[in-house]
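To keep things clear, I will list the structure first and then write my remarks on it.
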Amino acid sequence: MAELRIRNSKKFVIDRREEIENMTNQSNQPAAPATLVPQSEEEKKKKALESIGKVYGKSAEEEQKKEKYMKGLFGGEVPGMAERRKKLTQERGPQT
1 MAELRIRNSK KFVIDRREEI ENMTNQSNQP AAPATLVPQS EEEKKKKALE SIGKVYGKSA
61 EEEQKKEKYM KGLFGGEVPG MAERRKKLTQ ERGPQT
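Mind the numbering: the sequence shown is residues 1 to 96 in the UniProt record's numbering, read in order.
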């Protein structure tokens, strides 16, 4: 029984050594160099919107529309508001 324990413990030590050696060998290998691809700002935005769309289940176009709308709310003209004003002034006449 004692002989079996010794044999098993030696095997365990040898297995652990091989495991550790494999781990160190893998970490010593240099990683593949990353290739940088220059991208324009529009391409970056498009990719970001597509990734957002994938996460939330929306298309990139819907996200762009929402972004435009939010931009209008917080800094500028709300999309479609100018057309709406023109239509209302034609129907009611100019307000004084």
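Cβ atoms here follow ideal geometry from the backbone N, Cα and C, with glycine treated the same way.
Any idea what DSSP makes of residue i, helix, strand or coil?
i, result
"glutamine 39", "coil"
"methionine 1", "Here methionine 1 scores only 47 on pLDDT, less than 50, and its place in the model is too uncertain to base an answer on."
Looking only at its own chain, which residues have a Cβ that is under 7 angstroms from the Cβ of residue i, when we skip the five neighbours before and after it?
i, result
"arginine 84", "none"
"glutamate 42", "none"
Suppose the cutoff is 6 angstroms on Cβ atoms and the five residues either side in sequence are ignored; what does the same chain contact list for residue i look like?
i, result
"lysine 47", "none"
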